[in-house]
Amino acid sequence: MMPTGSTWIMDEATRNKFLKNYKTQVASATSTICATLAVTPLENVKTRMQTHNFKNVFQCVRYLWRTEGPRGYVAGALPPLASVTAVRVVNFSTYNAAKHRISDFFERMTGQSPLAMYNQPGSTPTVSTFVTFTTAGLIAGLITSPLACPFELAKNVVQTSVLVSNRAQASPDAVNDPSLRNKPRLGTIEAIRQIVQRYGIRGLYTGFHLHALRDTLGSGLYFSVYETVKQVASKELGPDKSPFGGPMIAGAICSTVPWFCTYPLDTRKTRAQSVLLGKSSEVGEASAAVAKSNAITQYISTKYDQRPDMFADDLLIIDRLRNEAIHVQEPHISGISRLVTYAAQLKWLGGKFPVDIGVEFPWYPAFGFNTSRPISQNNIRFELANILFNLVALYSQLAFSVNRTTPDGLRQACNYLCQAAGVLAHLRTDILPDLRASPPEDMDDMTLQSLEQLLLAQGQECFWQKAVKDGLKDASIARLAAKVSDFYAEGGDYAVQSNAISPEWIHHMTAKHHHFAAAAQYRQSLDCLEKRKYGEEVARLRDSEVCVNEALKESRWINRTVLGDLQGLKNRVTEDLKRAEKDNDVIYLNPVPPKSELKIIDRACMVAAKAPSQVTDAISMLGDNGPLGQPLFSKLVPYAVHIAASIYSDRRDRLVNETIIGELETMTDKLRDLLSSLNLPGSLQALEKPLGLPPTLVSHAEEMRQQDGLNRLRRSLEDTARVKANDKSAYSEGVELLAAEKAEDDSSRRKYGTDRWAREPSEAAASKLYTTAREIDGYFSSAQSSDNLVEQKLRDSEAVFRVLTGTNRDLEMYVPSSRRAAIPPEVERESIRLRGCLSEVSRLENRRKRRAQALKDKARSDDISKALLKEAARLEREFPMQAIQASQFEDLFEEQLHLYDTDLEMVTQEQHEQDQISAQVREANRAFTRAHTGDASTKEREKALQELENGYLKYKEIISNIEVGRKFYNDLAKIVGRFRDDCKAFVHQRRMEASQIEGDITSVAAMASLNLSQPHLRQYSQQPAQPAQPVQPAQPVQPPTQLPPQPQPVQQQPPRDEPLTAPQPTRANTRPSMAPGVWSPDMGIRFGAQGTWDPSKGVKFS
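Here is the structure:
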């Protein structure tokens, strides 16, 4: 190299020599830099998919773009540029040197060099060449693994830093939050520094065994495939082809095959290294998150009228929040936001989903005898309780991680401890009472109260330390120390009643209690010395010495620091006590009061259990601009809201159709009955039109003809009968299932007896189903009566319906004509008056029809959904841990139904007007009857016209009755269908249960047969025959009682009725009865014949 000016350049000869000597290193470095820059975006996507649960590549790419922007695709490019380049250079250099050494070894052993054969044009791969390249690749991969592992670990940290850390601190709907793109990213150097700081140098080699295995196998496959494929491709392409053909084909194939083979190892390596990032080291934990999402998806699809895919982002986010919360391992303030955010969402979800949603949440106990075995519960509140417990642990760890040698450090530590105690109090009073299950051993009331007092004692101790450092008065320090002692004493008392807190903790709290009691008395003695109360000073020093000695009795349970403080305090107390006793005995001569007469030291309590507002008021902090982000599944309408909407619809429909419209129709029917009883309007029509047909009658008949009146009624009745038959069929199927199951249960109970067949009878086990069956049967009975009444009405009016649906000539033949006579003025005047009253009746009926239709339109437009959603949101905010019930909307129902108060008032007004019109009609008809005395033909015409008018009204009534019946049976179809399905489910469950019970009984019988008596041995004893003992019935095998895993003493068997050793039987001339028992050699073998078997005679079967 030659200097030129201020720069260094290389001439062509030197450059060519340099490239020739280092061609492997230069080529590998250049290719690695290009490849790294090209695949960095894909590498980022791969790393995130390996450490988090994305459904597919597109979801990961979309999530990455929304949360991190373009920089998310190039994150972690620096470590590969700095490390992979160096690693590849070392890898290729090692490979190049190793393959020559191995080739030389083969040449010495076989006389042929694998490299020489490989370099010959047109050569084919051999075993020696394949072994050479593979072995050299394995060696190169193994040697470069220690260099590559720390840099690849740093790359993973950088690539997932935003997804893991900032994702937890941001709002839960981060996929829609563009501000995350500006979040600071963890740098490579900072990542390495934090890993070394937390875990030491060994932390950089987390998952090294997987990394080394992946690189060793991958490198061996890479070089063997590359060299072999290149050799085959060069032979096939020939020497005249481009030299890039073979290497390019080999490079493409050798990059695919090794990754395909080693990718599972790479995934396990990434997840093993992700422990440092707050992720699980086991692949199986990813499946737990998937199971949770699946359970929520299944619940939404079965219990809600909304599609689960509407909440895909929410499902992804809740899994992220849990993964980040449960892996908070280091005492860092960022862990608080992760735990608090997830706890807030769990509280919110408590109002959306049931407690037992279908996901098992496993947690290891922190205290107790079974801390190595996880406890799993299908309980969202159990998950919340454990998250809050971890938040308490994090606060306490943060308190002891700060520098408590400074006033600010003491203040911060005390604040953390008070918050931890507050979260414990919130957990104990607000969360665990709603757990709906027994709390775990480390969360029982005594354990939590003990821990709460322990945290408060440590917080109070921080104030005591600050008071000592600041040199406050001895009396003030004594009051602070006395309260510390009280806290430790209460914590110890609760710990004694706990089954989870270990004796070591109890002894430690006892020692601290006596320690601070001694310190309080010592400080108070100094105050007495200052106030010249020498006798009291001696008494308090003596008590302080007693307390110190009590504390030192627990020396084996406390650490060296506390033990050193106790020893120092004891030395000071002992020295001061000697001095004080000597001075008082010689100089002051003050009486020394006993301990019982000493004034109790006043307490100065400086701490209180106060949980952060993010914990106690978490729900109020969820919202559009809330610090804890958007509430998840906020658009999911609770199932109780759908039930409430249905209940309101039923109440509204009953109010409208029965109370208002039904009442109007009843009043109209009464008015028509009144007119019919007065022979109206037939008498008036006969007078006004003595010849021909009245126009009203003609219009009524035309209406019935167009509707095909009589046939329409029959078809409607047939349709209703079919729906009724379907309902009865479904009902009968359910009843028959219940009857069959009852017969099976009764048969099994008679077969096995009530002792062994001890389950509930069918009527008791399915009391609701049997009650529903009786109710449905009552519905059918009452409906049958109504159907018979409608059919009777049709039969009674069928003749009139035939006339009305016939031709006008049929009507004229049915209605006789009367002679036309002059109408007297008085009759004309009364008829006009009566006609006016009938016109009022017609106007009244038409007005009611319009009002009824308007009321139906009003009911159809009455939508309570928005009000229900608003009320549900309020209930979720105020009662987050309580599932919403339909009964909570009763006040809203009452308020909404006030919309129909004016319609109810209208019914009262209509009744008043009808009473007035009815009175007017009666009076006008009486006057008309007195004035009009017609002939016989007029009377017959009046009767015929009135029958036809009544027939038309009866037709309308029967149509209305049939529509009501059809609606009733359609509604009943839903009830009987649900009843049948419930019966099927109940019978299936009962039959499965019966099968299991029969299996248990069979097993018990099989076990009982192993303990058989031998009565035939006892019958032929040499002793005089004793009275036979009754045979004890076989007892069912009792299930084992679950006990703690402690050694159990061997229990003695109860004495049996028969002797343990049977006496030797005496042979009898007659054959003993073949009673069941255990065979004995003295009995001989019998095959149904008399005597004992003789081997020389063979075997004979009778």
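Anchor point for the sequence shown: position 549 equals 549 in full-length UniProt numbering, and the numbering is continuous, going up by one each time. For every residue, glycine included, the Cβ atom is placed at its ideal position computed from N, Cα and C.
- Here DSSP, grouped into helix, strand and coil, assigns residue 363 to strand.
- Between the alpha carbons of residue 693 and residue 684 lies a gap of roughly 13 Å.
- Assignment of residue 253 by DSSP, reduced to helix, strand and coil, places it in the helix class.
- In this structure, the alpha-carbon of residue 913 lies about 20 Å from that of residue 853.
- Residue burial is scored here from C-beta neighbours: residue 127 has fewer than 16 other C-beta atoms within 10 angstroms and is therefore classed as exposed.
- Every alpha helix (DSSP H) of 4 residues or more that sits fully in the stretch 312–357 is shown, in chain order, as 312–326 and 334–349.
- Per the DSSP secondary-structure output, residue 375 pairs in a beta bridge with 363.
- Taking the Cα of residue 205 as reference, the smallest distance to any Cα among 225, 152 and 221 is reached at 152.
- Between the alpha carbons of residue 224 and residue 370 lies a gap of roughly 52 Å.
- Relative to residue 878, the option among 319, 193 and 351 whose CA is nearest is 351.
- Between the C-alpha atoms of residue 448 and residue 257 there is a straight-line separation of about 57 Å.
- Listed in chain order, the non-local C-beta contacts of residue 904 below 8 Å within the same chain comprise 659 and 660, local neighbours out to five positions each way being set aside.
- Apart from sequence neighbours up to five positions away, the residues of its chain that approach residue 527 with a beta-carbon distance below 8 Å are 473, 474, 475 and 478, ordered along the chain.
- In the three-state reduction of the DSSP assignment, residue 784 falls in the helix class.
- Between the alpha carbons of residue 349 and residue 363 lies a distance of about 20 Å.
- The count of Cβ pairs closer than 8 Å, one atom from the stretch 953–967 and one from the stretch 779–797, reaches three, so the stretches are in contact.
- Burial of residue 787 is indicated by the presence of at least 16 other C-beta atoms within 10 angstroms of its C-beta.
- Rounded to whole angstroms, the gap between the alpha carbons of residue 770 and residue 446 is 46 Å.
- Of 150, 142 and 103, the smallest CA-CA separation from residue 133 is found for 103.
- Collapsing the DSSP output to three states places residue 660 in a helix.
- For the pair of segments examined, the stretch 426–445 was found not to touch the stretch 409–416: the number of CB pairs separated by less than 8 Å stays below three.
- For a cut-off of 8 Å, the C-beta gap from residue 612 to residue 539 is around 45 Å, too long to register as a contact.
- Short of 6 Å from the beta carbon of residue 590, and not among the five residues preceding or following it, lie these beta carbons of its own chain, in chain order: 534, 535 and 584.
- The beta carbons of residue 926 and residue 668 sit no closer together than 8 Å.
- The beta carbon of residue 90 sits closer than 6 Å to those of 144, all from its chain and outside the five residues before and after it, given in chain order.
- Between the stretch 321–335 and the stretch 393–405 there are three or more C-beta pairs closer than 8 Å, enough to call the two in contact.
- The alpha-carbon of residue 901 is positioned some 37 Å away from that of residue 717.
- Straight through space, the alpha carbons of residue 311 and residue 908 are spaced by roughly 51 Å.
- Contact between residue 867 and residue 896 holds, since their C-beta atoms are separated by about 7 Å, short of 8 Å.
- Taken atom to atom, the span from the alpha-carbon of residue 966 to that of residue 719 is near 8 Å.
- For residue 892, the enclosing alpha helix (DSSP H) stretches over residues 890–897.
- Of the residues 633, 950, 452 and 541, the one whose Cα lies closest to the Cα of residue 680 is 950.
- Distance between residue 618 and residue 387, taken at the CA atoms: about 14 Å.
- Taking a C-beta distance under 8 Å as the contact criterion, residue 456 and residue 487 qualify as a contact pair.
- Within the same chain, 511, 514, 515, 518 and 566 come within 7 Å of residue 551 by CB-CB distance, once the 5 residues on both sides are set aside.
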